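Asks: Residue numbers (this note's numbering): 60 to 470.
1. Just how far apart, CA to CA, sit residue 449 and residue 97?
2. Quick check: the stretch 429 to 439 against the stretch 306 to 323, are there 3 or more CB pairs under 8 Å?
3. Starting from residue 428, follow the alpha helix (DSSP H) in both directions and report where the run begins and ends.
4. My output table needs one value for residue 104: the three-state DSSP class, helix, strand or coil.
5. Could you spell out where the beta strand (DSSP E) holding residue 459 opens and where it closes?
6. Buried or exposed: where does residue 441 fall if 16 or more other Cβ atoms within 10 Å of its Cβ makes it buried?
7. For residue 124, does the count of other Cβ atoms within 10 angstroms reach 16, so buried, or fall short, so exposed?
8. With a threshold of 8 Å, are at least 3 pairs of Cβ atoms found where one atom belongs to the stretch 189 to 209 and the other to the stretch 460 to 467?
9. Going straight from the alpha carbon of residue 244 to that of residue 279, what length do you get?
10. Mapping the DSSP letters down to three states, classify residue 143 as helix, strand or coil.
11. Determine, using beta-carbon pairs with one atom in the stretch 302 to 310 and one in the stretch 255 to 272, whether at least three such pairs fall under 8 Å.
12. Using only alpha-carbon positions, find the residue among 219, 128 and 319 that is nearest to residue 408.
13. Roughly how many angstroms separate the alpha carbons of residue 156 and residue 134, rounded to a whole number?
14. Use the C-beta contact count for residue 192: other C-beta atoms within 10 angstroms, 16 or more gives buried, fewer gives exposed.
15. Could you give the distance in angstroms between the alpha-carbon of residue 422 and the alpha-carbon of residue 105?
16. Could you say which of 188, 469, 274 and 100 lies nearest to residue 427 if we only look at CA atoms?
17. At the level of alpha carbons, what is the spacing between residue 211 and residue 272?
18. Could you pull the DSSP bridge partners for residue 195 from this structure?
19. Rounding to the nearest angstrom, what Cα-Cα distance links residue 83 and residue 153 in this structure?
20. Under the rule that 16 or more other beta-carbon atoms within 10 Å means buried, what is residue 458, buried or exposed?
21. Report the residue from 189, 217, 147 and 196 whose alpha carbon sits nearest the alpha carbon of residue 158.
22. Under the three-state reduction of DSSP, which class applies to residue 150: helix, strand or coil?
23. Below 8 Å between beta carbons: does that hold for residue 233 and residue 213?
24. Quickly, what does DSSP pair residue 290 with across the bridge? List them, please.
25. Thinking C-beta only, is residue 220 closer than 8 Å to residue 239?
26. Under 6 Å Cβ to Cβ from residue 45, same chain only, skipping five residues before and after it: list those, please.
27. Output the distance between the C-alpha atoms of residue 247 and residue 276, rounded to the nearest integer angstrom.
28. Relative to the alpha-carbon of residue 283, which residue among 310, 100 and 254 has its alpha-carbon at the smallest distance?
29. Could you compute how far the alpha carbon of residue 410 sits from the alpha carbon of residue 292?
30. Going by the beta-carbon positions, is the gap between residue 235 and residue 332 smaller than 8 Å?
31. Just the C-alpha distance for residue 222 and residue 468, rounded to the nearest angstrom, thanks.
32. Beta-carbon separation of residue 324 and residue 419 under 8 Å?
33. Keeping to the same chain, check which residues put their C-beta closer than 6 Å to that of residue 121; ignore five residues upstream and five downstream.
34. Shortest alpha-carbon distance to residue 190 belongs to which of 330, 208 and 451?
35. So the candidates are 208, 252, 137 and 322; which of them puts its Cα closest to the Cα of residue 456?
Structure below.
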């Protein structure tokens with residue numbers, strides 16, 4: 060198999076050995092698909108026993124679950140692995156999810172089914188909403204930044220922007236400021252100044268109050284807060300998808316032990332990304348499918364009513380031509396009604412629960428402020444410290460020209 064990774068977008072990622080990341084799912088699937096035997100069960104147990112203890116329950120969910128949930132289960136494994144500092148496992152899980160997501164945007168049977176009007180949303184293979192697919196690319200890019208792989212990091216962030224813009228039925232403008240900023244940061248580190256300038260220009264339009272990092276800043280701080288947006292079904296027949304902000308968290312602001320008490324900039328609100336399309340708020344995500352069903356039903360009823368009236372005229376006038384027209388309209392009308400009944404817009408409320416509510420950024424010069432750890436103090440909405448959440452994060456030297464301080468959501 061090829062040792063290079065190629066994305067099906069204009070942004071290519073070359074990562075030696077990427078095919079190995081798909082081994083886990085393929086290995087587990089092969090075992091589960093084979094006839095039951097003690098040796099095969101032992102292999103499966105051995106495979107999962109080789110995973111970090113904290114991740115083993117999630118791997119059981121992955122290999123025992125249905126293929127339609129594999130993307131979601133891999134996303135959840137990635138979130139859990141990041142909290143456990145198991146970065147290789149996180150990278151493998153994200154890669155498995157991204158490879159599966161790409162399949163749903165092709166011409167395979169699963170891809171066509173995933174986009175079809177005729178299947179209930181909840182019965183489809185989970186591929187994530189645009190914000191979830193964008194965040195999968197965010198994590199892949201951040202893992203590349205940890206390794207100083209700026210080119211692949213930038214490509215991942217760019218792919219995330221494409222996913223943010225692409226929904227099933229329509230194309231929207233990308234407004235994921237976090238990914239645009241990270242694309243600019245990675246481009247600068249890679250020496251692509253012209254690309255960095257383009258991204259920073261885009262960022263200024265979205266975040267005019269954000270101050271571009273000066274050239275001497277070589278350290279990036281990324282801090283995630285809060286819990287994932289929630290998907291809920293609403294409306295008649297639970298056919299409409301609505302979003303609600305995550306709950307059970309108080310951390311809304313971030314203070315850092317740099318330059319006294321520096322405040323990290325709230326670059327992205329993930330809930331707003333979930334509940335908007337191209338910056339425009341959307342309350343009912345499945346409106347298009349509901350509209351299709353209603354219009355098909357209206358057309359079908361009108362055609363069958365017309366056919367019935369023409370049939371009466373044909374009987375009275377004994378005109379066989381009118382009778383043929385009536386019969387044809389009746390067939391077409393019945394087909395429209397059947398299509399309306401077949402369209403199943405029931406909302407899919409599965410969602411990536413490991414995502415944060417918001418992501419904050421900060422940059423600084425290690426020459427001026429040192430390469431030591433950074434203390435992260437979380438504040439509530441009123442600006443009061445939350446001592447139980449305070450943590451100290453080591454600055455990771457990426458082995459090239461920059462450093463990274465990355466605190467994932469603690470929830």
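Quick reminder that beta carbons are idealized off the backbone N, C-alpha and C, glycines included. These numbers come from a predicted model, not from an experiment.
Replies: Considering the structure as presented:
1. 48 Å
2. yes
3. 425 to 428
4. helix
5. Looking at the DSSP string, residue 459 is not in any beta strand (DSSP E), and its letter there is neither H nor E.
6. exposed
7. exposed
8. yes
9. 9 Å
10. coil
11. no
12. 128
13. 6 Å
14. buried
15. 43 Å
16. 274
17. 21 Å
18. Per DSSP, none; premise fails for residue 195.
19. The predicted model places residue 83 with a pLDDT of 44, which falls under 50 and marks its position as unreliable, so this point remains unresolved.
20. exposed
21. 196
22. helix
23. no
24. 302
25. yes
26. Outside the displayed span of the chain (60 to 470) sits residue 45, for which this structure offers no information.
27. 11 Å
28. 310
29. 12 Å
30. yes
31. 22 Å
32. yes
33. 132
34. 330
35. 208
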